[in-house]
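Going by the UniProt record's numbering, the first sequence opens with residue 1, and the numbers climb by one from there.
Backbone N, C-alpha and C define an ideal beta-carbon position, used for all residues, glycine too.
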Amino acid sequence: MHYWLMKSEPNEASIDHLAHAPKKTLPWTGVRNYQARNFMRDGMQIGDGVLFYHSSCPQPGIVGIAKVSSAAYPDPTQFDPTSHYYDPKSSPEKPRWLLVDVRFVKKTPLIALATLRDHAELADMQVLARGNRLSITPVTEAQWRFITEHLV
DNA sequence: GCCAACGTTGGC
DNA sequence: GCCAACGTTGGC
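In structure tokens:
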């Protein structure tokens, strides 16, 4: 069992989109970074906890809890020439990009980025690291507990 | 809109 | 393999 923080732009896929999706589940399309892909491929297991984070928006921060609900499988948007996420260098025979399904658990009050930074217990969170741009980052069990027990 | 930080590309 | 140029992310 591992824990993750996954960033999403709310105008693309918000916590409300997830909550109202069929089966409360969305495929996590659009990851085009090898490190983030490798986390999904090599690190994630069904049932892993996910902190759902809104980025590139007026109030960036954690807005909900979700969980990993599938193993990694090829992201279909990489094969679709009309998709923003199309990758001409990828092929169904040799898919380059993967995704996992993510299932809604609950919404939380906004835990703003500034709030995360305020807590010494979270100082080592990868998402808070200087210059971090990864859309998927691991969260330690201690960080997960602190957030879900004290900040939610 | 600005800009720091980082990843990727491609020439050599 | 190096590295400059370019593109992207994402907070502010």
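DSSP three-state assignment for residue i, whether helix, strand or coil
i	result
D27	The amino acid at residue 27 is misidentified as Asp; the sequence shows Pro. Residue state, collapsed to three classes: strand.
M6	strand
T82	coil
T140	coil
G64	strand
A112	strand
P74	strand
H17	helix
V152	coil
Same chain only: Cβ atoms within 8 Å of residue i, ignoring 5 sequence neighbours per side
i	result
R41	A72 and L98
V31	R37, M40, D75, W97, L98, L99, S135 and I136
E12	G30
E9	H54, S55, S56 and C57
Y3	D48, G49, V50, L51, P138, V139, T140, E141, Q143 and W144
Proximity of residue i and residue j at Cβ, strictly below 9 Å
i	j	result
T137	D75	no
V139	G49	yes
P60	A112	yes
Exposure label - residue i; buried when at least 16 CB within 10 Å
i	result
M6	buried
A142	exposed
Y53	buried
I46	exposed
M125	buried
M44	buried
Contact set for residue i: own chain, Cβ-Cβ below 7 Å, skip 5 residues either direction
i	result
Q78	Y85, Y86, D87, S90, P95, R96 and W97
K106	G64 and I65
L33	First, the residue type needs correcting, since residue 33 is Asn and not Leu in the sequence shown. Correct list, in chain order: L134 and S135.
Inter-residue CB distance, residue i and residue j (contact presumed, cutoff 8 Å)
i	j	result
D101	S70	4 Å
D122	F146	The sequence as given places Leu at residue 122; Asp does not occur at that position. Between F146 and L122 the Cβ distance is about 6 Å, and since that is below 8 Å, they are a contact.
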